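A short worksheet on the structure shown next.
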Amino acid sequence: MIEKLSYQIATSIKNAEPDKTPSVDMMKFSLIILIHTAFTALLIIIVSLFTGETLATFEGLLFFMCLRFFSGGYHMHKSSWCTILSIVLMCSAPLFDLNEKIVFILNVLNCIMMVVFAPANIKGYARIPEKYFPLLKVISILIAGSNFMFMSSTIAAVSLFQSVLLLFKNKEGGEKA
57 MIEKLSYQIA TSIKNAEPDK TPSVDMMKFS LIILIHTAFT ALLIIIVSLF TGETLATFEG
117 LLFFMCLRFF SGGYHMHKSS WCTILSIVLM CSAPLFDLNE KIVFILNVLN CIMMVVFAPA
177 NIKGYARIPE KYFPLLKVIS ILIAGSNFMF MSSTIAAVSL FQSVLLLFKN KEGGEKA
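The numbering of the sequence shown is my numbering, which starts it at 57 and goes up by one.
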């Protein structure tokens, strides 16, 4: 469904400006990512309405997306699995009522994971030159470490989810959505 919609949009854009646009395949690939991300975020917000934790879920989702952008991580081989996992993890994170000691320990663990493993699985998925990987690592550590100021259970949980995704390796060269 998302692929078909992406193809139709890309074809329309290409037909409107054939000389000023990239190939239909390139636009389709980018649109698949954008539409899938928007669709998943919308589903997460809808599910969060039922948990009664919409604001915390939204905050956790934004934090997760920011951390993931800089730290990378495992990519599911099927977008449907990514959607399901994202909904479960993002909507369950605000339901964890962790005390300050546990949040502090998770913050330390998340920062250590960023030091050791970030950025992960960036090569082949993002067009960021390797010379910037040390900067991505520093930014990832700073983002994960920012929860020492907030001491948020939700942010500690989503950071832990992201830290775990750094442990798994994708095949070299990225994947097709």
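Heads up, the beta-carbon is just placed ideally off N, CA and C, and yes, glycines get one too. As the structure is a prediction and not an experimental result, all values here were calculated from the model.
Closest to PRO150 by CA distance: which of GLY116, GLU156, GLY128 is it?
-> One-based indexing of the sequence shown puts residue 150 at position 94. Of the candidates GLY116, GLU156, GLY128, the one whose C-alpha sits nearest the C-alpha of PRO150 is GLY116.
What does a CB cutoff of less than 8 angstroms around THR67 pick up in its chain, not counting 5 residues either side in sequence?
-> Indexing the sequence shown from 1 puts residue 67 at position 11. VAL80.
Please name the residue in CYS122, MET146, SER135 whose C-alpha comes closest to that of LYS193.
-> For the purposes of this step, residue 193 is taken as residue 137 along the sequence shown, with counting starting at 1. Out of CYS122, MET146, SER135, CYS122 has the C-alpha closest to the C-alpha of LYS193.
In its own chain, which residues sit with a C-beta less than 7 angstroms from the C-beta of GLY230, not counting the 5 before and 5 after it?
-> Locating residue 230 in the sequence shown gives position 174, where the first residue counts as 1. Confidence at GLY230 is low in this model, with a pLDDT of 46, below 50, so the placement of that residue should be treated as unreliable; the coordinate-derived value is given next. Contacts found: GLY180, TYR181.
Close-in-space but distant-in-sequence residues of the same chain around PHE119 (CB under 7 angstroms, 5 per side omitted) = Numbered from 1 along the sequence shown, position 63 holds the residue referred to as residue 119. Excluding sequence positions up to five before and after PHE119, its CB lies within less than 7 angstroms of the CB of ILE211, VAL214, all in the same chain and listed in chain order.
Measuring alpha carbon to alpha carbon, tell me which of ASN226, VAL172, ASN163, SER142 ends up nearest VAL103.
-> Translated into the one-based positions of the sequence shown, residue 103 becomes position 47. The candidate whose alpha carbon is nearest that of VAL103 is SER142.
Nearest-angstrom Cα separation, counted from LEU90 out to GLU59 = To locate residue 59, count along the sequence shown from 1; it is residue 3. To locate residue 90, count along the sequence shown from 1; it is residue 34. The alpha-carbon atoms of GLU59 and LEU90 are separated by roughly 11 angstroms.
Rounded to a whole number of angstroms, what is the C-alpha to C-alpha distance between LYS134 and SER202?
-> For the purposes of this step, residue 134 is taken as the residue at position 78 of the sequence shown. For the purposes of this step, residue 202 is taken as the residue at position 146 of the sequence shown. The alpha-carbon separation between LYS134 and SER202 amounts to approximately 32 angstroms.
Give the straight-line distance between the Cα atoms of MET170 and TYR63, rounded to the nearest whole angstrom.
-> Along the sequence shown, one-based indexing puts residue 170 at 114. Along the sequence shown, one-based indexing puts residue 63 at 7. Between MET170 and TYR63, the C-alpha separation is close to 37 angstroms.
When you compare only the Cα positions, how much space is there between PHE125 and CYS138?
-> For the purposes of this step, residue 125 is taken as the residue at position 69 of the sequence shown. For the purposes of this step, residue 138 is taken as the residue at position 82 of the sequence shown. Taking the Cα positions, PHE125 is about 15 angstroms away from CYS138.
SER209 to PHE152 span [Cα, whole Å] = Counting from one through the sequence shown, the residue named residue 209 turns up at place 153. Counting from one through the sequence shown, the residue named residue 152 turns up at place 96. Roughly 7 angstroms separates the two Cα atoms.
Own chain partners of LEU216 with C-beta closer than 8 angstroms, once the 5 adjacent residues on each side are dropped | In the sequence shown, counting from the first residue as 1, residue 216 sits at position 160. Only LEU162, LEU165, ASN166 meet the Cβ criterion.
Selected residue, minimal CA-CA separation from ASN177, among GLN218, LEU111, GLY108, ILE168 = Here residue 177 refers to the residue found at position 121 of the sequence shown. When each option's Cα is compared against that of ASN177, the closest is GLN218.
Own chain partners of CYS147 with C-beta closer than 8 angstroms, once the 5 adjacent residues on each side are dropped | What you label residue 147 is simply residue 91 of the sequence shown in a count that begins at 1. Taken in chain order, the residues that qualify are ILE100, VAL103, SER104, THR107, GLU109, THR113.
Name the DSSP beta bridge partners of GLY128, please?
-> Position 72 of the sequence shown, counted from the start, is the residue given in the question as residue 128. DSSP lists ALA176 as partners of GLY128.
Alpha-carbon spacing of LEU61 relative to LEU221, whole angstroms = Residue numbering aside, residue 61 sits at position 5 when the sequence shown is read from its first letter. Residue numbering aside, residue 221 sits at position 165 when the sequence shown is read from its first letter. Taking C-alpha positions only, LEU61 is separated from LEU221 by approximately 29 angstroms.
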